[in-house]
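Novice:
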Amino acid sequence: MFKRLIAERTGKSPWLFHINAGSCNGCDIELVSVLTPRYDAERLGFKLAGSPRHADIVVVTGPVTKQSLPRVLRAISQVPEPRCIVTMGSCPQSGNVFRGSYSIAGPLSKYVPVDVDVAGCAPKPEAIIDGLTLAAKILKEKRGRMN
Amino acid sequence: MTIVIDALQYLGYVLIFPGFLFCFLAGMLLCGIDRKLVAKMQKRVGPPILQPFYDFFKLCGKETIIPAAAERNTFMLSPLVGLAALVVIQLFIPVFGFTAFSGIGDIIVILYLLLVPALAMILGGAASGSPYAGVGLSREMVTIISCELPLVLVLLAVAKTVGGAIGTGLCFSLSQIAEYQEVNGSLITKISMLPAAAAMLLLIPGETGSHPFDAAEAETEICEGLLAEYSGAPLGVFKLSHAVKMLSLTSLFVALFLGGLGTGILALDAVLLFLLCALITAASISFVHAFTARLKIEQIFKYYWTVVSLLAAVSLALAWYGL
Amino acid sequence: MNMLGNILSYQHFPIYAIMALFLGSFLIAAFGEKRSVRNILALLSVTAALGFILALMKPVVFHGEIISYWMGAREPAGGYAIGIALEVDALSFFFALLVAVAVFVSGVYSIQYMNRDDNEKEYYTLYLLLCGGVMGMVLSGDLFNMFIMVEILTFAAVALTAFRNTVRGAVEAAFKYLVVGCMGSTCILVGTAILYAQTHTLNLAQLAQLAPGDVNTATRLAFALLFVGFGTKAFIVPFHPLAADAHGAAPASVSVIISGVLTKSGIYGIIRICYFLFQSMGLGAMQFLLVFIGSLSMFVCVTMALAQHDFKRLLAFHSISQIGYVLTAVGLCTALGVSAGLYHAINHTLFKGLLFLAAGAVLHETGTTDLNKLGGLAKKMPHTTALFMVGAFSISGVPPFNGFASKWMIYQASYQKAVESGNIGFLLVTIIALITSVLTLASFVKVSHSVFFGQLPPELANVKEVSWGMRSAMGIFALLCIITGLFPNLVTAYLTEPAAAAVFNVKNYIEAMGFDGSAAVQLEAGGFQHAGVWDPVSWLLVLCIALLAITIVAVAGKYGNVSRCRAPAVENKYQLFYGGEEQEFSQLGGEDLFWGFKHNWRGYFKFMHRLHSGVVNDYALWAVVDLALVTLFSLIVL
Amino acid sequence: MILLNYIASFFLIGLGFYAIVTKYNLVKTVIGLSIADYGVNLLLISIGFNPGGTAPIFTWSELDYNSFFVDPVPQALTLTSIVIGACVTAMSLALVIKLEEQYGTIDTRKIRRLRG
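Here is the structure:
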């Protein structure tokens, strides 16, 4: 019974940890706007956590610069299982306008398995919420596989 | 035979009402109501009322990472001790006429027992070895110091008022305070107790560490401070402790100032207690939360030792001269 | 056969207890070259002292007897006490028991603690001399003998403070202590001389018979001198900086004696003067004096402790703060108050001893007591940490440890006194006591974070747990802390209440020595009534049930779904979170904690820092000013 | 006459304390302690003094109710006190030597590593 309770609820309270890997701040602002009264992602249980230890979903923005890469990987590895990695905006997926620059190590998927990509520069809040709910579903599946 | 029945009865008190199960359900519900209310006040839809339960169960299902720098036993045990101490506090606080364990403790004991959960959290955080926890610990302790003076004044004022009325001079026993209110009506109807009640309302957010007095757990600046390294089930237990602490403090408020409203039927009383607690939560935690920003730690200290202490001191002075 | 029976009669046990310690000291000085001989002699003498004192429990506590013992059987002649006497009532017995227990445990600890020092022979000689001095002082029935013992213990304490004379500030601390301590001793001697001039006796019982009936300017002056003199021994404000200095440098086992026992002898002296010799505690002004100084010590020292960053110095300030509690409670002059104060005296000896021993263990293994240089020792010294936590919880009054039981009684006593006397000042005392308690907690949170938890500095990676002998000494104290906390009724019934009854029965004390006690002032003790309820055993039971239930649920709910680092190299996952950066050593130093509190009180802290200048002249000036004020006070009100 | 003794003894004690409080030289502090001690000794002796009394040394047969002698107890006390005073001086001088070795000065204002 306890196991089922846990498995059922996992998708309902995904906590986010946001990593800025060299972003221009556009996506960061959009992510915060998701929590404002207009979109209010908290109704789905989303919450911004302060520490990766509390998080379920890691949201990475920015093109993953060479400086930030080890730090991003370290922070991601500190998130307890089950976890979900979401790239937000085009930068961590393709490098966007920064592609080919000497200081870019991205895309992120070269280094860690990414679960959800939310495209756009910056993505619309609706798209972000959609991507996050998808991530929450994947999270639930991962939790189910853990048993 | 009677011993067995007695033992079972007390076990029931500890495990079901007003102990563990009641604390769990009511505390989590209070927390959910709080979050919903804050959302409503900010014109949001807000999370479902059962959201704290979801959070708790999710956390139970997650991996628990013990950092290499942490002292393992303290790190793992302190959440459990903190929660147990909170449940025990709840056992001392009378539910109107009914007290599960009346002969064990009084208000000074409550004052000290309220330190135990905070202490458990502090030690757990300290044992994790994180520097964020170090900052959080420092702030948490200063918050405790800040709340201590007004809380002491409030409790002494209540002790003097009830003691003066029943003729023993002073009365520290919670069950006697409850009995007095059963007979003479709620203490809040006394003029001398009004400032004390106001002070207590202002104290509840500080004691529970909710907005705007949550400098110790500021998630945006010090990564939730003491909890920075906690994950999984221990974190869930801490979140539960936070919820139960809300219940404990609000029901302490009910026991001190709103006693005597009980119906005498335990089940009804429990529901009434919960409703009153929800009301107080709405007034003292949610309302303040919705429109304030986080205070700096030295501001918290200054605020409690001046404004709130003054309110409580006025109450004590009034009680001293028998109003 | 009869001779042997006579020698083994309990009448002789007080002098045996004193002799055991002094004899041990002299024998070690003479034959203590070999370590084994030395250790055996030291252990034997402290054990013998403990045994003799414990054997006195039956006649003194259970039968309510007051043992009077005339040295050389020189009984009073012509109505005047000529010989030197020992007199053991329940109060003396109470303090003697504290001395014996602390001396025993500290002696056991010393054996392995001092093994790295040279001059161990001198250490034991002085140590036993100190212990014998304190024991002699609390058992003495003669004012001049008390002075002699005070001198012996002051000398031994000064010498032991300077014992590790390479430690920073050890000699300096010893010198300051010697100067102010000798001023105090001079005060005691002058007071004794004046009293002798007035009454022509030195016997305490006879003084108690004669002095209160003959109050004049001279005896008032004598009172002030004696009060200040014993105040220097108890280190109450304004003598607290000496304690801090002395403790910081002395070996931990000596700190236990200085804080746990030597300060108690000062308190004992004050009780004897105020309650017995002058019988002036019925006066509101005298109660005010004691309560005022007590509260001041309590509060000033706890705030000073918050500003410290040396482990032992911090403990020293706390020690005086707790002595403030004792003095305050004793000054309330009610049965509950005196009983609470004495209870706190027991607890103070136990938890302070434990804490000093823990500090000593840390010093022994790491070589430093600077809070800014320590951290994370819990992983290296788990037992020391657990024992330290017991002590820290006890001193901060966390239920169900012993500090709570006695503080709870002190709050009640002071509040009851406030309500009964209608004096709002006593209410303030209750509030100060409660705030002091939480500040104590804060400062021990600081210690536990910056010594035992937090991060381990790289240079302490090879620290080991201390040896079993030291751990078992700490264990005895910890066990006693828990027992006295869990069974407050037993402690009050068998230890503190008889002693409190003795305090309120001066007549018996006088008559036991064969003098006429009919003129003794009988103080109204008030009933022994609690305004609240506290039942630690049941509470613990309930807590355990709750904890058990929660643990079962937690284990069933996969609480143990734990992953932790097993490999010696730390993976990223098990490093601490630093906002993404690599883990580095960044322990928050003890000095930097509680900024939010200190910032608001910065004016106060700056002022206090300037006052505690460390110049011996300033401390001497405080002593003189204190003497002048107390003299003025006693001339006006006594 | 005896009043002068009392005045002198308290004057000496006061002088000793004055020296301790105001003099910044460690040796002078020690001297202050000694002076205070002498004051106490003088006080003790004066207390036991009976004008016209003989020395309190008697054989058993000589002692009767008419014998008039100075009080022997304070004299015993004085002896003890003198011994203690000598100890104080010896010990504090030893400490002064150590202090001089470690700090290189005997100025109290500079010997203040422990403060605050």
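Which chain is which? The protein sequence lines are F, L, C and Z, in order. Residues in the first sequence are numbered consecutively from 14, following this note's numbering. Residues in the second sequence are numbered consecutively from 309, following this note's numbering. Residues in the third sequence are numbered consecutively from 27, following this note's numbering. Residues in the fourth sequence are numbered consecutively from 1345, following this note's numbering. By construction, the Cβ of each residue, glycine as well, lies at the ideal position given by its N, Cα and C atoms.
Which word fits residue 134 of chain C, buried or exposed, when buried means at least 16 other C-beta atoms lie within 10 angstroms of its C-beta?
Specialist: As a first step, residue 134 of chain C is located in the third sequence; it is residue number 108 there, counting from the start. Under this definition residue 134 of chain C is a buried residue.
Novice: Taking three-plus beta-carbon pairs below 8 Å as touching, is the stretch 582 to 595 of chain L in contact with the stretch 414 to 433 of chain L?
Specialist: no
Novice: For the stretch 365 to 392 of chain L, enumerate the residues whose C-beta is nearer than 9 Å to any C-beta of chain F, in chain order.
Specialist: 365, 366, 367, 368, 369, 370, 371, 372, 373, 375
Novice: Can you give me, in chain order, the residues of the stretch 1360 to 1383 of chain Z that have a beta carbon less than 9 Å from any beta carbon in chain C?
Specialist: 1360, 1361, 1362, 1364, 1365, 1366, 1367, 1368, 1370, 1373, 1374, 1376, 1377, 1380, 1381, 1383
Novice: Where do the N-terminal and C-terminal ends of the alpha helix (DSSP H) with residue 209 of chain C fall, by residue?
Specialist: Start at 1 with the first residue of the third sequence, and residue 209 of chain C comes out as number 183. Per DSSP, residue 209 of chain C belongs to the alpha helix (DSSP H) from 196 to 225.
Novice: Who pairs with residue 131 of chain F in a beta bridge, going by DSSP?
Specialist: For the purposes of this step, residue 131 of chain F is taken as the residue at position 118 of the first sequence. DSSP output for residue 131 of chain F lists F/101 as bridge partner(s).
Novice: Rounded to whole angstroms, what's the CA-CA distance from residue 80 of chain F to residue 104 of chain F? Just pull it up for me.
Specialist: In the first sequence, residue 80 of chain F corresponds to position 67, counting from 1. In the first sequence, residue 104 of chain F corresponds to position 91, counting from 1. Taking the straight line joining both Cα atoms gives about 15 Å.
Novice: Take the Cβ of residue 1454 of chain Z as the centre, count every other Cβ of all protein chains shown within 10 Å, and call the residue buried at 16 or more, exposed below.
Specialist: Along the fourth sequence, one-based indexing puts residue 1454 of chain Z at 110. So residue 1454 of chain Z counts as exposed.
Novice: Using a beta-carbon distance below 7 Å, is residue 212 of chain C in contact with chain Z?
Specialist: To locate residue 212 of chain C, count along the third sequence from 1; it is residue 186. For residue 212 of chain C, a Cβ of chain Z is located within less than 7 Å of the residue's own Cβ.
Novice: In terms of DSSP beta bridges, what is residue 396 of chain C paired with?
Specialist: Reading the third sequence from its first residue, position 370 is the one you call residue 396 of chain C. Note: residue 396 of chain C sits in a beta bridge opposite C/336.
Novice: With a threshold of 7 Å between beta-carbons, can residue 87 of chain F be considered close to chain C, or not?
Specialist: Position 74 of the first sequence holds residue 87 of chain F. Taking Cβ atoms only, chain C reaches closer than 7 Å to residue 87 of chain F, which makes this a yes.
Novice: Cα-Cα, which of C/60, C/122, C/621 is closest to residue 609 of chain L?
Specialist: On the second sequence, position 301 is the one that residue 609 of chain L refers to. The residue with the shortest Cα to Cα distance from residue 609 of chain L is C/621.
Novice: Between the C-alpha atoms of residue 130 of chain F and residue 371 of chain L, what's the straight-line distance to the nearest angstrom?
Specialist: Residue mapping note: residue 130 of chain F aligns to position 117 of the first sequence, counting from 1. Residue mapping note: residue 371 of chain L aligns to position 63 of the second sequence, counting from 1. Each residue's Cα considered, the two are about 25 Å apart.
Novice: For residue 581 of chain C and residue 381 of chain L, I'd like the C-alpha separation in whole angstroms.
Specialist: As a working note, residue 581 of chain C is residue 555 in the third sequence. As a working note, residue 381 of chain L is residue 73 in the second sequence. Spanning the two alpha carbons is a distance of roughly 15 Å.
Novice: Please list, in chain order, all residues of the same chain as residue 167 of chain C whose beta carbon is under 6 Å from its beta carbon, the five residues on each side excluded.
Specialist: Indexing the third sequence from 1 puts residue 167 of chain C at position 141. Once the five neighbours on either side are set aside, the close Cβ partners of residue 167 of chain C are 111, 112, 113, 230.
Novice: Using the three-state DSSP reduction, which class does residue 290 of chain C fall into: helix, strand or coil?
Specialist: Position 264 of the third sequence, counting from 1, holds the residue named residue 290 of chain C. DSSP places residue 290 of chain C in helix when its eight states are reduced to three.
Novice: Take the Cβ of residue 40 of chain F as the centre, count every other Cβ of all protein chains shown within 10 Å, and call the residue buried at 16 or more, exposed below.
Specialist: On the first sequence, position 27 is the one that residue 40 of chain F refers to. Buried.
Novice: Does the stretch 48 to 68 of chain C touch the stretch 89 to 103 of chain C, meaning 3 or more C-beta pairs lie closer than 8 Å?
Specialist: no
Novice: Please report the straight-line C-alpha distance between residue 443 of chain L and residue 332 of chain C, rounded to a whole angstrom.
Specialist: Position 135 of the second sequence, counting from 1, holds the residue named residue 443 of chain L. Position 306 of the third sequence, counting from 1, holds the residue named residue 332 of chain C. Those two C-alpha atoms are separated by around 16 Å.
Novice: Per DSSP, what are the beta-bridge partners of residue 341 of chain C in this structure?
Specialist: Position 315 of the third sequence holds residue 341 of chain C. In the DSSP output, where bridge partners are listed per residue, residue 341 of chain C has none listed.
Novice: Check each candidate in C/351, C/572, C/390, C/318 and name the one with the smallest Cα separation from residue 372 of chain C.
Specialist: Taking the first residue of the third sequence as position 1, residue 372 of chain C is located at position 346. Nearest of C/351, C/572, C/390, C/318 to residue 372 of chain C, Cα basis: C/351.
Novice: So, helix, strand or coil for residue 114 of chain C, using DSSP?
Specialist: The residue given as residue 114 of chain C occupies position 88 in the third sequence. The answer is strand: DSSP assigns residue 114 of chain C an E or B state.
Novice: Got a sec, what are the start and stop residues for the beta strand (DSSP E) residue 573 of chain L sits in?
Specialist: By 1-based counting over the second sequence, the position of residue 573 of chain L is 265. Run containing residue 573 of chain L: none; DSSP gives neither H nor E here.
Novice: Helix, strand or coil for residue 41 of chain F per DSSP?
Specialist: Residue 41 of chain F sits at position 28 when you count from the first residue of the first sequence. DSSP places residue 41 of chain F in helix when its eight states are reduced to three.
Novice: At a Cβ cut of 9 Å, what residues of the stretch 514 to 535 of chain L count as close to chain F, listed as they run along the chain?
Specialist: 525, 526, 527, 528, 529, 530, 531, 532, 533, 535
Novice: Which word fits residue 597 of chain C, buried or exposed, when buried means at least 16 other C-beta atoms lie within 10 angstroms of its C-beta?
Specialist: For this step, residue 597 of chain C is matched to residue 571 along the third sequence. Its Cβ having fewer than 16 others within 10 Å, residue 597 of chain C is exposed.
Novice: Please name the residues in the stretch 174 to 187 of chain C whose beta-carbon is closer than 8 Å to at least one beta-carbon of chain Z, in chain order.
Specialist: 174, 177, 181, 184, 185
Novice: In chain order, what residues of the same chain lie with their CB nearer than 7 Å to the CB of residue 107 of chain F, ignoring the 5 residues before and after it?
Specialist: Sequence index remark: in the first sequence, residue 107 of chain F carries index 94 (1-based). Once the five neighbours on either side are set aside, the close Cβ partners of residue 107 of chain F are 120.
Novice: Measuring CB atoms only, is the stretch 493 to 501 of chain C touching the stretch 375 to 385 of chain C, in the sense that at least three cross pairs come out at less than 8 Å?
Specialist: Contact check between the stretch 493 to 501 of chain C and the stretch 375 to 385 of chain C: three or more CB pairs, one atom from each, fall below 8 Å, which counts as touching.
Novice: Per the DSSP calculation, residue 191 of chain C is bridged to which residue(s)?
Specialist: As a working mapping, residue 191 of chain C is identified with position 165 in the third sequence. DSSP output for residue 191 of chain C lists no bridge partner at all.
Novice: Between which residues of its own chain and residue 100 of chain F is the CB-CB distance below 6 Å, once the five residues before and five after are set aside?
Specialist: Start at 1 with the first residue of the first sequence, and residue 100 of chain F comes out as number 87. The residues are 73, 106, 121, 127, 130.
Novice: Go through its chain and collect everything with a Cβ distance to residue 346 of chain C's Cβ below 6 Å, but skip five positions before and after it.
Specialist: Position 320 of the third sequence, counted from the first residue, corresponds to residue 346 of chain C. Within the same chain, residue 346 of chain C has close Cβ partners 261, 266, 269, 323, 327.
Novice: Give the residues of chain D in contact with residue 1424 of chain Z, contact being defined as C-beta atoms less than 7 Å apart.
Specialist: The chain labelled as chain D is not found among the protein chains of the depicted structure, namely F, L, C and Z.
Novice: Quick one: which chain C residues come within Cβ less than 7 Å of residue 90 of chain F?
Specialist: Here residue 90 of chain F is taken as the residue at index 77 of the first sequence, counted from 1. By Cβ distance, chain C contributes 598, 599.
Novice: When you compare each of L/455, L/454, L/486, L/451 to residue 467 of chain L by their alpha carbons, which one comes out closest?
Specialist: Along the second sequence, read from residue 1 onward, the residue named residue 467 of chain L stands at position 159. Measuring from the Cα of residue 467 of chain L, the nearest candidate turns out to be L/486.
Novice: Show which residues of chain C have a CB atom less than 7 Å away from the CB atom of residue 1439 of chain Z.
Specialist: Here the question's residue 1439 of chain Z lines up with position 95 in the fourth sequence. Within chain C, the residues near residue 1439 of chain Z are 188, 197, 200, 201, 204.
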